[in-house]
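All residue numbers for the sequence shown refer to the UniProt record's numbering, where the first residue is 1 and numbers rise by one.
C-beta: ideal position from N, C-alpha, C; glycine also.
Please read these numbers as outputs of a predicted model, since none were measured by experiment.
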Amino acid sequence: MNNRFLSASASSRQTRGKNNQRLSANTVRRRLSTSGQRARRPYIGPIQTQRHRHQNTLWAQEHAAWDRIQWQSVVFSDESRFCIDHADGRVRVWRRSGERYQADCVREHDRWGRAFLL
1 MNNRFLSASA SSRQTRGKNN QRLSANTVRR RLSTSGQRAR RPYIGPIQTQ
51 RHRHQNTLWA QEHAAWDRIQ WQSVVFSDES RFCIDHADGR VRVWRRSGER
101 YQADCVREHD RWGRAFLL
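Below, the structure written as structure tokens:
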């Protein structure tokens, strides 16, 4: 499957079987299920470049030895995000167990998109 975010219905419209026959959505679901894939909620994370990953690793290494007292000086925030420019529909990704963080199963988002915080 080239696009794991396609629904079974959309995938059935794009996929042809033997003799160029259209596959039903149920057939697509059955075949994906047979191969061990299920429709699951994707991990949604920020867009990460190689530079970001390197900086995150450096930060983690610098703070790995921090004790409880040092971590008590850090302020953590709990923000609620509301989307104002598109509907928040149920998005699913076809993946096997253990593939949650695989690159083609992650739905990246721009954290500074057109949304506001309360």
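Glutamine 50 and arginine 16 have their C-alpha atoms some 37 angstroms from each other.
Annotation: valine 91 to tyrosine 43 spans about 10 angstroms, alpha carbon to alpha carbon.
Residue pairing for isoleucine 69: DSSP places it in no beta bridge.
In the DSSP assignment, alanine 39 falls within the unbroken beta strand (DSSP E) covering 38-40. Exclusion of the five residues before and after threonine 27 leaves Ser12, Gly17 as the residues of its chain whose Cβ lies within less than 8 angstroms of its Cβ. By the C-beta density criterion, alanine 8 is buried, having at least 16 other C-beta atoms within 10 angstroms.
The DSSP-derived three-state label of glutamate 62 is helix. Shortest Cα-Cα distance from arginine 4 to any of Ala39, Thr34, Ser35 involves Ala39.
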